[in-house]
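Report on one structure; see the data block that follows.
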Amino acid sequence: MSMAKATDFEQARALGLNESEWQVILDRLGRRPNETELGIFSVMWSEHCSYKSSRRHLRKLPTTGECVICGPGENAGVIDIGGGLACIFKMESHNHPSYIEPYQGAATGVGGIMRDVFTMGARPVALLNALRFGSPDHPKTRTLVSGVVAGIGGYGNCVGVPTVGGETNFHAGYNGNILVNAMCVGIAKKDSIFYSAAKGAGNPVLYVGAKTGRDGIHGATMASAEFDDQTEAKRPTVQVGDPFTEKRLIEACLELMQTSCIVAIQDMGAAGLTSSSVEMADKGGVGIDLNLDHVPQRETHMTPVEMMLSESQERMLIVLRQGKESIAEEIFKRWELDVALIGKTTDTGRMVLHHKGHTVCDIPIGPLGDDAPNYDRPWQAPAPLKKIDAQDVPNRDPAQALLILMHSPDMASKRWIWEQYDRHVMADTIKASGGAADAAVVRVHGTDKALAISSDCTPRYVTADPFEGGKQAVVECWRNIIATGAKPMAVTDCLNFGNPERPDIMGQFVRAIDGMAEACTVLNFPVVSGNVSLYNETAGSAIPPTPAIGGVGLMDDVTRAMGFGAAKAGDALVLLGQSAGWLGASLYLREIECREDGAPPPVNLAQERRIGLFVLDGITAGQFTAVHDLSDGGLACAAADLALASRCGLNILASKTLPNAGWFFGEDQGRYLLAVSANQLPGVLTQAQAAGVDAAHIGTIQGTDITLGNTSLGLDLLRRSYESWLPDMMEDA
Amino acid sequence: MKAIVHINPRSGVLDPQGQAVAGALKHLGFAGVLGARQGKVIELDLADIDAEQAREQVTKMCEQLLANTVIEDYSVQIEP
Amino acid sequence: MKAIVHINPRSGVLDPQGQAVAGALKHLGFAGVLGARQGKVIELDLADIDAEQAREQVTKMCEQLLANTVIEDYSVQIEP
Amino acid sequence: MNAAVIVFPGSNCDRDAVCALRDHTAQKVYRVWHRETALPRVDLVVLPGGFSYGDYLRSGAIAARSPIMASIKAHADRGGLVVGICNGFQVLTEAHLLPGALMRNAGLKFLCKSAKLRVENTQTAFTRAYADQAQTDIPIAHHDGNYCADEDTLKRLEDEGQITFRYLDNPNGSAHDIAGITNRAGNVLGMMPHPERAIDPLTGETGGLGFFRSLAGALT
Ligand SMILES: Nc1ncnc2c1ncn2[C@@H]1O[C@H](COP(=O)(O)OP(=O)(O)O)[C@@H](O)[C@H]1O
Ligand SMILES: [Mg+2]
C-alpha cells in the first residue's frame, strides 16, 4: 500500500480538531493519518456532523409516540398519517452560507432539506422558511432580505414544491449572523420508506446527480466556527444551487424507488461523499471501498480530500442490490443525470479509497461514529428576570399603539416575501402565507386529508428565559396547528445558538431543550427530526437563542380547515384562556416603550392542552366562524389580523380589571380568539365552562373600524399601515 | 461615453446555465460543442468624463452592485 | 477553440433588467449613469475546426437557439 | 376529447394539468415525454407550467427545440388545439407558434398572486363557457410574464381578436395588459395565469373552470 504523507497535529488543529481528538485518531489508527484520512476525521467530528456539544442534551427530547415510524437519526423524521401513507419532514439551517452569499446560500438550503426528505422515499409537498435578519436599518439587511427571499423562491419555485409558510423576525442581535432555516414536508407510501443502512457486503455503490467540484469544501467545519474578519476570505467555498438538476434528481430517485433495486440511499449533504458513505456503511455494519477516479468531476486535478469533502449540491449516493446496476443507470441517464459506479460495500468494516492506482485512505469506520467526541460542556443557567407589572407601564391610546405595532418589523405583513414564493403549485394548497390561517394547510394529494404545518419561535422569550421560551416555541406551534382544526402530530426543530464553549450560551441551549422536552412530552408532540446550528456569533456577540420548531398536524376532513378570514358581521368575539396582562418581554414593551426587559409569559402546559383540545372539538363540530391564536401583540393584534383578513371591523370592550396595555397587548399564553355566530354562542360558552376552559364574550364583529375600549381606528388605515412597512423598507432592493 | 462590463461566473463555480446551454446545443446536433459558460454584459451610457475616472467609477459600480464578487468575476471596458 | 456570443436586447425592445440596473445605480449615487442595457455573453468551447466554419456553426446555433431574434440581436466572435 | 400533456425536464405543473383535464375536460389524458417524436391521437395538447430546463438561457427556449415540438406544430397546423400555460406559453412563443415574447416581469421579481382578468374574446374553443367580457380570478406565478411584441403585432392581436385574457390590474408590465393570446387561426392559446389552479373552491378561486369547460365542449 502506498499511503500519502502523514500529517501532524498542527494540520489537525487547523481543521478544528483538538489535542485529545487527535490522540484518539492516533490511537485508533495506530499511526498518523494522511491528509485524506485527517480530512475525513475532521469533518465527521465537526460540530455539524458529530453534534459533539449537543448530543447528550438532545437525548432529553421525547422521540416516540403512536404516530412515529422513524425518529431522529435518519435523514428525516417519519410519521404515520393513516391510509397507508407516511409524512416525512425535517428542518435545517443554512445560516452561514446565506450570510456570505444570500441568494445561493438560501437556495442551497432549500435544496438540501428537500434531498433529506426525498432520499427517504417521499415526494416533497411543502416548504417553509424561518428567517431572522438584523435590524432593518443595518446597512446589510436589505441586501440580505432580498437575496435570501429570491434564493428561497428561486429554488422552490423551480423545483415545483410550494412554499406555504414561514416566519420572519428582525432584531439587531442578528446583524452579524442571520438565520435561514428551511423545512420540507413530504409524503410517501408507508411500506416504501428508504433508509440509509447499507446492509450486506458486495453491493455496488452508485453516485448520481451533479458532478463534484471544489464547492463548499470545509463547509461543515465552517458551520462549526465563529465568524471573524477572515470570513470574507473563505468565500470560494460558496456553493451554487441548480434546482433544475434537483427536480430531475427527485423524479429519477422516486422512479428508481418503485423498482426493488435500492439497499440504502443517502443524499450528499454536509461533508458530502464522506458523511454519506460513512453513515451508510456504519449503519449497515459494513465496510466501503470507493475508487475516486470514477467520481464524476467538474474540475481537473481534484485531490482525494477535495472530492471527499466537496459539498457540491444535487448529488446522491445509492447502494444497490447486486445486478441492478443497469436498471438504475437507465433511469438516471433518461433524466440526463451523471451516474457512476464508484465502489462497493465490503465485509472489512473499513473505508478504503483508491485514487490513481494508490490507496489514499484505509481507516476503520467504527471510530468515525463511535468515538466521535461527545462533550458535556459546562453551562450556566441564566438568572431569572423580574416580572413586570402592567400597572407600571404608562397608559397610552390603544388604537394608536395597535397602529404602530401592526407597522412594526415583526408584525407587519410579509406579503413582499411570500408573493415571491409559488404557494400553489401541486394544486393542493388549502391555506398558505396570506391565507388567513395560523398554519399552512396542504391536502394529501388524492385524499380528503390534509397536513397543517407551522414554524414558530419567539426569540424574545428564549432570550429572557430559555426554559419558558423553549416551552413556548413548542406550544405556539401546537396552538397554530390546532387553530386550523388539525391534530398536532410531531415536530422537527432547528436549534440556532451561539458558541457552546461559552457557559452562558450553553446554558441557553440546555435550558431551551429542557423546556422543549417538557412541552413536547406533556402535549404528546414528539420530536422526530432536527438540526443544531451552533457558533452563530460574530466577534464574540451571539444571536438571540432561536430554537425554531416546525410542527405537523393532521386533519381528516380538509373541508373543515379553519382560518381567521371568514368572520361575519354580528359574530361574537370569544376569548379563550386566562389574561393577566403579561407585558414582560412583549412586543408592546419593545416597540412602544423601547424596553426589552422582563420575564416572558409562563406556559401552563396542562391548561394549554385542555384549551387546545376544546378548540379542536369546536372546529370539528363546526361551531366557530374564525379561530386565531394569540401571540405577538396579544389580543389587539390577533383581533387586527382577524379583522383585516375578514374585511370586517370589530369592537372589543376595555377590561374592568386590567389596564389597557396589559389587556389589549399582554402576551399571556394559552389563548385563542374565536368568532362565533350568535346562535352558536350560548352553546360554546356552556361547553367551555363544562370543559374547564375560561371563555369570555369580549366583543363583536361589526362596522368598518377597530374599536378598542373607547379608541378606534379605520380598517383601511390599519391595512395600509400593515401592508406598507416591508415594501417601504425594501423599496428598490 | 460608454462602459461595457462583462460579468462571468468565477472559474470553479458551478454554472448551471452554461451546462444547460451546452447540453441543448449537443441535443440539437452541434457535436463540436465541448462546453459553455454564460455571463452577463452590461452596457452603461455615462455622462462624459475622463476615461480613467470613468473606469474607477464603473469599477465601484461593479463592486457595489453589478457583480456578485462572491461567485462572479468582472471586467470593465471604457469606450469613448 | 473558443467562440464568444454576445446577445443583447434589440433596440426598441423593452429591457426591464437594464432599466432596473440604471435606476439602482442612480440610487447608489452614481449620478453620471444615463442608461443601461443588459445582455448575455455565452462562451463556447469548440472542437478545433477552421474559423470560418466555426463562425458558420455558431451563427446557426444563435439562429436556432441562443438568441431569440424577435427581441434580441447577436454577434459572434471566434477566438483561436 | 383526448388530451396530451407534454413533460419537459423541469415541468412542474404537468400533474396539475393532467388532474384538471381528467376532472373537467377529457376522457383520456396522456403524458408525453419531450423526447418522443409522435403524439398519441389527441384533440388537445397542453404544454404545462414549470421551469423547463430550469428556465436557463431564456424561459421556454430550450424546451421549444425539443423533438416533440415538430409534431405539436403539425398538430396545430392541422387545426388541433394547443394550450400553453405559463412556461408553456413561453415555449409556444419561443417555438413561434405564437407571436411575441415573454420578458422578465417589470418588477423583476417572481410574482405569485391572484390576478383579475377580463375574458376578451369568448368566441374561442378556450373561452366559450365564459360570459362575454366576464371578469374572473385566476392566479399567476411567474418571473417572466411581461408580454412584449412590436407595434404591428400588437395591433394585429387587437384587430383580430387574438387577445383572449387581459389583466385588469397589470402585475408584470405586459404590453396592452395581455395575459393570454391565441394565434390567428384561434386554435393555439398561450396564457400566463394558471387555470388548473383555479378549479377547486378549497384551494382558492374557481376562475379556471370556465376554461376547462370550454375545452370540454369544444369538439361537440
Ligand atoms: N419567510 C416567510 N415565508 C413565508 N411566509 C411567511 C414568512 N414570514 C411570515 N410569513 C407568513 O406571514 C404570516 C404571519 O406570520 P407569523 O406572524 O409568524 O404568524 P404566527 O404568529 O401565526 O405564527 C403567516 O401566514 C406566515 O406563514
Ligand atoms: Mg399564529
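One line per chain: the protein sequences are A, B, C and D, in this order. So for the first sequence, the working numbering puts the first residue at 8; every next one is plus one. So for the second sequence, the working numbering puts the first residue at 596; every next one is plus one. So for the third sequence, the working numbering puts the first residue at 596; every next one is plus one. So for the fourth sequence, the working numbering puts the first residue at 66; every next one is plus one. We put the CB at the ideal spot given by N, CA and C, even for glycine. All values derive from a computational prediction rather than experimental measurement.
Neighbours of residue 342 (chain A) in chain D, taken as residues at a C-beta separation under 9 Å, are given in chain order as 74.
Going by C-alpha positions, residue 206 (chain A) is about 50 Å away from residue 598 (chain C). Residue nearest to residue 156 (chain D) within the set D:144, D:284, D:74 is D:74 (criterion: CA-CA distance). The C-beta distance from residue 194 (chain A) to residue 94 (chain A) rounds to 6 Å, short enough to fall under 8 Å. For residue 128 (chain D), the nearest beta carbon of chain C is not closer than 8 Å to its own beta carbon. Under the DSSP assignment, residue 279 (chain D) falls in the alpha helix (DSSP H) whose first and last residues are 274 to 282. Measuring C-alpha to C-alpha distances from residue 251 (chain D) to each of D:274, D:193, D:105 identifies D:193 as the nearest.
Contact check between the stretch 182 to 189 of chain D and the stretch 140 to 153 of chain D: fewer than three CB pairs, one atom from each, fall below 8 Å, which does not count as touching. In the three-state DSSP reduction, residue 82 (chain D) falls in the helix class (H, G or I).
Within the same chain, 349, 350, 360 come within 6 Å of residue 297 (chain A) by CB-CB distance, once the 5 residues on both sides are set aside.
Across the stretch 213 to 247 of chain D, CB contacts with chain C closer than 7 Å involve 213, 238, in sequence order along the chain.
In this structure, residue 684 (chain A) lies away from residue 718 (chain A), with their beta-carbon atoms at least 8 Å apart.
Note on residue 308 (chain A): under 16 other CB atoms within 10 angstroms of its CB, so exposed under the neighbour-count rule. Ranking A:595, A:320, A:338, A:535 by CA distance to the CA of residue 402 (chain A) puts A:595 first.
Here DSSP, grouped into helix, strand and coil, assigns residue 431 (chain A) to coil.
Cβ-Cβ distances below 6 Å link residue 88 (chain A) to 94, 561 in the same chain, with the five nearest sequence neighbours on each side left out; the list follows chain order. When DSSP states are grouped into helix, strand and coil, residue 116 (chain D) belongs to the coil group. When C-beta atoms of the stretch 600 to 609 of chain B are compared with those of the stretch 689 to 701 of chain A, fewer than three pairs fall below 8 Å, so the two segments do not count as touching. DSSP links residue 134 (chain D) through a beta bridge to no other residue. Taking residue 117 (chain A) as the centre and dropping the five residues before and after it, the same chain places the C-beta of 159, 162, 163, 189 closer than 6 Å to its C-beta, in chain order. At a cut-off of 8 Å between C-beta atoms, residue 177 (chain A) does not count as an interface residue with respect to chain B. Interface criterion not met: the Cβ of residue 662 (chain B) is under 8 Å from no Cβ in chain A. Against residue 632 (chain C), the close residues of chain B are 637, 638, in the order they occur along the chain (beta-carbon pairs closer than 8 Å). Rounded to the nearest angstrom, the Cβ distance from residue 314 (chain A) to residue 219 (chain A) is 6 Å, consistent with a contact under 8 Å. CA-to-CA, the gap between residue 135 (chain D) and residue 127 (chain D) works out to about 14 Å. Counting the other CB atoms within 10 Å of its CB gives residue 333 (chain A) a total below 16, which places it among the exposed residues. Restricting attention to B:648, B:636, B:625, B:632, the CA atom closest to the CA of residue 625 (chain C) is found in B:648. Listed along chain A, the residues sitting closer than 9 Å to residue 268 (chain D) by beta-carbon distance are 431, 434, 435, 436, 437, 450. For a cut-off of 8 Å, the C-beta gap from residue 153 (chain A) to residue 737 (chain A) is around 6 Å, short enough to register as a contact. Residue 72 (chain A) and residue 532 (chain A) have their C-alpha atoms some 8 Å from each other. Taking the CA atoms as reference points, residue 652 (chain B) sits about 36 Å from residue 641 (chain C). Of the residues A:177, A:477, A:82, the one whose Cα lies closest to the Cα of residue 519 (chain A) is A:477. For residue 134 (chain D), the nearest beta carbon of chain C is not closer than 8 Å to its own beta carbon.
Annotation for residue 251 (chain A): the continuous alpha helix (DSSP H) segment containing it runs 250 to 263. Inclusion of residue 228 (chain D) and residue 203 (chain D) in the CB contact set at 8 Å is not warranted, their separation being larger than that value. Close to residue 618 (chain C), with beta-carbon spacing below 8 Å, lies no residue of chain B; the smallest spacing is near 11 Å.
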